[in-house]
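Below is one structure, written out as structure tokens, with a few remarks after it.
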Amino acid sequence: QLRSVLNLRWTDMFLSGLLFCLLNVVMPEIKLTSVDYEIFGNVQGRQHYTEDHGRSLGLSGWVKNTRQGTVIGQIQGPTGKVNDMKLWLKNVGSPCSRIDRAVFSNEREISKLEIHGFSTRH
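Residue numbers for the sequence shown, in mature numbering (1 follows the signal peptide of the UniProt record, and there is no 0): -28 to -1, 1 to 94.
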């Protein structure tokens, strides 16, 4: 079991690194976006769903619970994929979550990814 988890993590890191290289070297014409977010409602304790969904879209970023009961984070990647993630954060979220409101801020175009991979911060 542990070996399969470690292999999955290694595969995730490898694919994130490959995407990082492709987006920054091979395909620089792709527009990249960075955006911060805060999600309000019954949303804590399920960061791994956000992390997994971000990875499935090929995004980089992070997610973190706050003391105020919200979830904050940042996502970076191709603009279309970032928009897909924003819709997921606003309307779907993790199972059993209740999303009351999603606030997106500091949205900007970036020339290259500033974050490598997707992680949960503590």
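We put the beta carbon where it would ideally sit given N, CA and C, even for glycine.
Treat the numbers as computed from the prediction; the structure is a model and nothing was measured.
At a threshold of 6 Å, does residue i count as lining the ligand HEM (C-beta to nearest heavy atom)?
{"i": "residue 72", "result": "The ligand HEM is not among the ligands present in this structure, which contains no ligands whatsoever."}
Pick helix, strand or coil for residue i, following the three-state DSSP scheme.
{"i": "residue 29", "result": "coil"}
{"i": "residue 5", "result": "strand"}
{"i": "residue 13", "result": "strand"}
{"i": "residue 19", "result": "helix"}
{"i": "residue 42", "result": "coil"}
{"i": "residue 64", "result": "coil"}
{"i": "residue 89", "result": "coil"}
{"i": "residue 55", "result": "helix"}
Our contact map puts residue i next to residue j with C-beta atoms below 8 Å; I'd like the distance itself, whole angstroms only.
{"i": "residue 7", "j": "residue 76", "result": "5 Å"}
{"i": "residue 45", "j": "residue 9", "result": "6 Å"}
{"i": "residue 82", "j": "residue 4", "result": "5 Å"}
Of all Cβ atoms in chain B, is any one closer than 7 Å to the Cβ of residue i?
{"i": "residue 74", "result": "Considering every chain present, this structure includes no chain B. It has just one protein chain."}
One question on the structure: do residue i and residue j come within less than 7 Å of each other, judged by their Cβ atoms?
{"i": "residue 11", "j": "residue 43", "result": "yes"}
{"i": "residue 26", "j": "residue 33", "result": "yes"}
Counting along the chain, where does the beta strand (DSSP E) carrying residue i start and finish?
{"i": "residue 81", "result": "70 to 82"}
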